[in-house]
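Structure first, then comments.
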Amino acid sequence: MFKVLLFATCVLLVKGQYGYPQNYNDQPNPYEFSYSSPADGGSSSHSESGDGQGRVQGSYTVTDDDGRSRTVEYVADENGYRANIVTNEPGTSNQAPADVTIQSSADQGAGSYGPAQYAPQPTQYAPQPIQYAPQPIQYAPQPIQYAPQPIQYAPQPIPYENALGYNPYRY
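For what it's worth, the working numbering labels the leading residue of the sequence shown as 973, then goes sequentially.
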């Protein structure tokens, strides 16, 4: 009886965790969020809003302590994803690939550096020869003096009763 009562209590507790089902309507649910976070070496921030119909717009910014920054403003809607990037990172230039507009205020853009002006210097290296002469090992094994001793063995009879702990002939 106790087991049945315990089982019924467990079933009621499990069902009680779910509560009553919420009645969600199919109406659009707009949203909006934003945050700003300082970090070691810079900071970042992000903000976004959606109208509940699948259209989203937002932006995020990453800033380093040395002054480099990137801000991405984006829109995602029935026309696809489009982004506008504003940056001052070295090695970037003004471009517009794949519906993304990049506006760079870096000193020199990509491709303006030209070929690398690097010519390796010849190395003056002459390894010194290794002076190694192995020494011979003097090994002379010593003979082992071994003389086995004879074993004195004399079998002794063991009564059957003592060997197994019982006598099957004794009832």
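Glycine included, C-beta positions come from ideal geometry on N, C-alpha and C.
Outcome for residue i when other beta-carbon atoms lying within 10 angstroms are tallied against a minimum of 16
i, result
"residue 1125", "exposed"
"residue 1085", "Confidence at residue 1085 is low in this model, with a pLDDT of 49, below 50, so the placement of that residue should be treated as unreliable; the coordinate-derived value is given next. Exposed: under 16 other Cβ atoms inside 10 Å."
"residue 1123", "exposed"
"residue 1074", "buried"
Element boundaries [beta strand (DSSP E), containing residue i]
i, result
"residue 1055", "1052–1059"
"residue 1048", "1041–1049"
"residue 1036", "1028–1036"
"residue 1003", "1003–1011"
"residue 1064", "No beta strand (DSSP E) contains residue 1064, which DSSP labels as neither H nor E."
"residue 1073", "1072–1076"
"residue 1024", "Looking at the DSSP string, residue 1024 is not in any beta strand (DSSP E), and its letter there is neither H nor E."
Alpha carbon of residue i to alpha carbon of residue j, nearest angstrom
i, j, result
"residue 1102", "residue 1109", "21 angstroms"
"residue 1005", "residue 1077", "29 angstroms"
"residue 1060", "residue 1051", "28 angstroms"
"residue 1012", "residue 1036", "9 angstroms"
"residue 1048", "residue 982", "48 angstroms"
"residue 1008", "residue 985", "42 angstroms"
"residue 1072", "residue 1046", "9 angstroms"
"residue 1053", "residue 1038", "31 angstroms"
"residue 1028", "residue 979", "49 angstroms"
"residue 1000", "residue 1069", "33 angstroms"
"residue 1015", "residue 1031", "14 angstroms"
Sequence-distant residues of the same chain with beta carbon closer than 6 angstroms to residue i, five excluded per side
i, result
"residue 1157", "Outside the modelled stretch of the chain, which goes from 973 to 1143, sits residue 1157, for which no answer is possible."
"residue 1115", "none"
Cβ shell of residue i (< 7 angstroms), same chain only, five flanking positions each side left out
i, result
"residue 976", "none"
Cutoff 8 angstroms; reference residue i; Cβ partners in own chain excluding five residues on either side
i, result
"residue 973", "none"
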